[in-house]
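Peer 1:
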Amino acid sequence: QSFLEKHGFGTGNTIETTVTVDPVSLGGVQTFIEGITPAPIEAEVKTTAATAATEQVLMELLQVEYEKYDAIIISDYNKGLITENLLTHLILLQQRCKKFLCVDSKRLPIFSRLNPNFVKPNYEETVKLFNLPYQYAMRNQQIELLGDKILKVTRARIAAVTLDSDGAVVFENGQVVDRCIAPDMPS
Numbered sequence: 001q002s003f004l005e006k007h008g009f010g011t012g013n014t015i016e017t018t019v020t021v022d023p024v025s026l027g028g029v030q031t032f033i034e035g036i037t038p039a040p041i042e043a044e045v046k047t048t049a050a051t052a053a054t055e056q057v058l059m060e061l062l063q064v065e066y067e068k069y070d071a072i073i074i075s076d077y078n079k080g081l082i083t084e085n086l087l088t089h090l091i092l093l094q095q096r097c098k099k100f101l102c103v104d105s106k107r108l109p110i111f112s113r114l115n116p117n118f119v120k121p122n123y124e125e126t127v128k129l130f131n132l133p134y135q136y137a138m139r140n141q142q143i144e145l146l147g148d149k150i151l152k153v154t155r156a157r158i159a160a161v162t163l164d165s166d167g168a169v170v171f172e173n174g175q176v177v178d179r180c181i182a183p184d185m186p187s
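Going left to right, the sequence shown walks through residues 1 to 187 as our numbering numbers them.
(1) Evaluate proline 23 with the Cβ neighbour count: other Cβ atoms within 10 Å of its Cβ, from every protein chain shown; 16 or more gives buried, anything less gives exposed.
(2) Please identify the residue among Asp178, Asp184, Met138, Arg113 whose C-alpha is closest to the C-alpha of alanine 193.
(3) I need the DSSP call for alanine 159, collapsed to helix, strand or coil.
(4) In whole angstroms, what is the alpha-carbon distance linking threonine 189 and cysteine 180?
(5) Taking Cβ positions, are lysine 200 and aspartate 104 nearer each other than 8 Å?
(6) When you compare only the Cα positions, how much space is there between glutamate 144 and isoleucine 150?
(7) Any contact between the region 133–141 and the region 95–110? By contact I mean 3 or more CB pairs, one from each, below 8 Å.
(8) Are there 16 or more other CB atoms within 10 angstroms of the CB of phenylalanine 130, so buried, or fewer, so exposed?
(9) Looking at the strands, I want to know which residues DSSP matches up with cysteine 97.
(10) Could you tell me the alpha carbon to alpha carbon distance between threonine 31 and aspartate 76, rounded to whole angstroms?
(11) In the DSSP assignment, find the alpha helix (DSSP H) that holds glutamine 63 and state where it starts and stops.
(12) Between Leu163, Leu146, Glu55, which lies nearest to glutamate 172 when the distance is taken from Cα to Cα?
(13) Would you kindly work out how many angstroms separate the C-alpha atoms of leucine 163 and asparagine 122, rounded to a whole number?
(14) Give me the Cα-Cα distance between lysine 79 and threonine 54, rounded to the nearest whole angstrom.
(15) So, with DSSP's three-state summary, where would you put phenylalanine 130?
(16) Once the 5 residues before and after aspartate 148 are set aside, which same chain residues still bring their CB inside 6 Å of it?
(17) Mapping the DSSP letters down to three states, classify arginine 107 as helix, strand or coil.
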């Protein structure tokens, strides 16, 4: 019996963890850690709390599977699943076997120790990070001035700041390298 089967995991192309926690303490958790690999693998963890046991299962799963993936995507919405221990474990795995690492998180600075290749903050997260006023117009111009700061704070190579209906601004080496226009949506 394989490690994955022993822990109730299937096979496919995504590691997806869904953790339900006491709504009073954390408000619910749904976090995805995804990887892209030529030999697909899928695992799903369902538990009733973001406990030390959940943390341990995730660290063991990452230990076994990490090297098989070409990229790791961390979507963290600060609901309690990505703990300090799990982050330290990811740092050690990344040092041992460097992967293309993407982070989408409401708390990007804590992931800076991973030196991610790519980060994706949204407009609100970006203005909060730099204690800037929220603007309803000319948001792309406000964000375009922050490229170097965003990359320094997150220690990322590339950052794509999403601006909802205003599209997105992509930075590399502190410079704007792309401006994406959001498509018009039928009303």
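Every residue, glycine too, gets a C-beta built ideally from N, C-alpha and C.
In this text the structure is predicted, and so the values were computed from the model without any measurement.
Peer 2: Working from what's here:
(1) Annotation note: pLDDT 29 at proline 23 (below 50); position unreliable, no value reported.
(2) The first residue shown for the chain is 1 and the last is 187, placing residue 193 beyond what the model contains.
(3) strand
(4) No statement about residue 189 is possible, as the shown extent of the chain runs from 1 to 187 and does not include it.
(5) What the structure shows of the chain is the stretch from 1 to 187, and residue 200 is not part of that stretch, so it cannot be assessed.
(6) 10 Å
(7) no
(8) exposed
(9) According to DSSP, which records beta bridges pairwise, cysteine 97 is partnered with nothing at all.
(10) Because threonine 31 carries a pLDDT of 32, less than 50, the predicted location of this residue cannot be relied on, and the following value inherits that uncertainty. Answer to the nearest angstrom: the Cα atoms are 6 Å apart.
(11) 52–65
(12) Leu146
(13) 6 Å
(14) 14 Å
(15) coil
(16) Gly174
(17) coil
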